[in-house]
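Take the sequence shown: its letter number 128 is residue 128 in my numbering, and every next letter is one higher.
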Amino acid sequence: MTVAFALSGCGSFIGRSQAKDIAEINVSSPELREGKPLPRAFSCRGDQSSPPLRWSSQPLSEAKSIAIVVDSHTTSESAVHWVLYNIPATTTELGANASADPPEGSGQAKTTSGKAGYEPPCQESGNYRFSVYTLDGKVDPKKDDSLSAILKQIADQTIARGRLTAVNIE
Numbered sequence: 001m002t003v004a005f006a007l008s009g010c011g012s013f014i015g016r017s018q019a020k021d022i023a024e025i026n027v028s029s030p031e032l033r034e035g036k037p038l039p040r041a042f043s044c045r046g047d048q049s050s051p052p053l054r055w056s057s058q059p060l061s062e063a064k065s066i067a068i069v070v071d072s073h074t075t076s077e078s079a080v081h082w083v084l085y086n087i088p089a090t091t092t093e094l095g096a097n098a099s100a101d102p103p104e105g106s107g108q109a110k111t112t113s114g115k116a117g118y119e120p121p122c123q124e125s126g127n128y129r130f131s132v133y134t135l136d137g138k139v140d141p142k143k144d145d146s147l148s149a150i151l152k153q154i155a156d157q158t159i160a161r162g163r164l165t166a167v168n169i170e
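Structure below.
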């Protein structure tokens, strides 16, 4: 669990675990705004689908794949709501409900709740972070890999990162 929150936190885990510079990714969404509430549609009180996301960064010749980690920090708990990895490196956006129809070749790790796919947040108050990582390799999960093992693979291969944070749920 610690790996999950360090990975998606302020970058201190990735920054200290790597001897390379981490480039910046700009993350946006037609449905989410930085510092604004998460629309109810993307919470457990809505249709429970993952929101659309877009990202851009300088082209990185060593980019092999993209990973997305959605996590939350509330007054009572921290959780990972979605991990999508091995997205083709040329991809720059996902439509709404991409967790139900992920890009070809990608995989989804089990979340904190033990379910694979997007597990919508329920707590009204909290920070809901949508982080995008460019990797210089692909995640190669073993059959029984834990969430923290998948997140560590993402951290170890990160060459660029960015985040969009929603605060509270509408």
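Positions of the beta carbon are idealized from the N, C-alpha and C atoms, including for glycine.
Hey, quick one: how far does the alpha helix (DSSP H) through residue i stretch, first residue to last?
i, result
"residue 151", "147 to 157"
DSSP has residue i in a bridge; who is on the other side?
i, result
"residue 132", "68 and 162"
"residue 88", "65"
"residue 28", "54"
"residue 94", "53"
"residue 78", "73"
"residue 127", "73 and 167"
"residue 116", "110"
"residue 83", "69"
"residue 23", "160"
"residue 38", "169"
Would you grab the beta carbon distance between residue i and residue j for me? Rounded to a whole angstrom, and I think it's under 8 Å.
i, j, result
"residue 69", "residue 108", "Actually they are not in contact, since the Cβ atoms of residue 69 and residue 108 sit about 11 Å apart, beyond 8 Å."
"residue 148", "residue 92", "Wrong, their Cβ atoms sit about 28 Å apart, outside the cutoff."
"residue 121", "residue 32", "Between residue 32 and residue 121 the Cβ distance is about 12 Å, and since that is not below 8 Å, they are no contact."
"residue 86", "residue 139", "6 Å"
"residue 66", "residue 89", "6 Å"
May I ask you to check if the CB of residue i is nearer than 6 Å to at least one heavy atom of the ligand NAP?
i, result
"residue 25", "Because no ligand of any kind appears in the structure shown, any question about the ligand NAP cannot be addressed here."
field: the region 128 to 138 contacting the region 154 to 162, beta-carbon criterion three pairs below 8 Å
entry: yes
query: Do the region 148 to 155 and the region 116 to 123 make contact, defined as three or more Cβ pairs closer than 8 Å?
result: no
message: Three Cβ pairs or more, each shorter than 8 Å: is that satisfied between the region 50 to 70 and the region 92 to 106?
response: yes
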